[in-house]
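*Asks:* Below is one structure. I have some questions about it.
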Amino acid sequence: MCWSSTWFSDQMLSNELLETSEKLQNIVRDKATIFSINILREYNEDAVVSLMQSLLKYKMMTEYTKVLQLLFNYKLRNRDLRGCREIVRNCEALGIKLPSDQQGRYIRMLINNEIPEEKSITKPTLNFKLKF
């Protein structure tokens with residue numbers, strides 16, 4: 070669970086341990102989805118991304134796909150259009166297919182979501198009159 074730590078030293082230690090221990094890699098392989106669910110309950114997306122990077126590094130594609138689907142569900146629930154778009158791009162790059170129900174929910178979100186137009190923000194100008 071060092072991925073969920075905000076301390077850089079904890080994250081580095083977890084990477085070192087994972088690199089040197091095949092048993093730990095097997096544990097991570099078995100528990101990756103459970104780790105992800107628990108981490109997302111704490112709203113810690115960065116930790117899930119860090120876990121996903123480790124899964125990719127050690128070629129755990131089945132587990133990576135499951136965690137990616139969990140993160141995509143999380144992004145869909147939070148109506149995070151940008152996050153969903155990034156995950157879809159990632160899936161295309163890696164040749165991963167999302168389940169059809171997730172694809173349908175994403176398409177419905179794209180269709181129904183009213184993307185607010187960027188409004189130009191005008192700063193009020195201050196007019197100082199100096200009296201001498």
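Converting from the sequence shown to this note's numbering requires adding 69 to each position, the first position being numbered 1. Think of the CB as a built atom: it goes at the ideal place given N, C-alpha and C, for glycine as much as any other residue. Keep in mind that this is a model prediction, so the values were computed, not measured.
Taking contact to mean 3 or more Cβ pairs, one atom from each stretch, closer than 8 Å, check whether the stretch 142-155 and the stretch 168-185 are in contact.
*Replies:* Because the criterion of three Cβ pairs below 8 Å is met, the stretch 142-155 and the stretch 168-185 touch.
*Asks:* Taking one C-beta from the stretch 156-172 and one from the stretch 133-140 each time, how about it: are there three or more such pairs within less than 8 Å?
*Replies:* Verdict: yes, contact present.
*Asks:* Starting from the Cα of residue 87, find the closest Cα among 198, 102 and 119 and give me that residue.
*Replies:* Comparing Cα positions, the closest option is 119.
*Asks:* Are there 16 or more other CB atoms within 10 angstroms of the CB of residue 112, so buried, or fewer, so exposed?
*Replies:* It is exposed - the Cβ of residue 112 has fewer than 16 other Cβ atoms within 10 Å.
*Asks:* Of the residues 174, 171, 94 and 164, which one's Cα is nearest the Cα of residue 126?
*Replies:* Nearest option by C-alpha distance: 94.
*Asks:* So residue 138 packs on residue 171, CB below 8 Å; how close in whole Å?
*Replies:* Correct: roughly 7 Å between the Cβ atoms.
*Asks:* Identify, in the order they occur along the chain, each residue of the same chain with its Cβ nearer than 7 Å to the Cβ of residue 165, setting aside the five sequence neighbours on each side.
*Replies:* Answer for residue 165: 134 and 137, listed in chain order.
*Asks:* Leaving out five residues before and five after residue 117 in sequence, what residues of the same chain have Cβ atoms less than 7 Å from its Cβ?
*Replies:* Within the same chain, residue 117 has close Cβ partners 105, 108, 109, 136 and 140.
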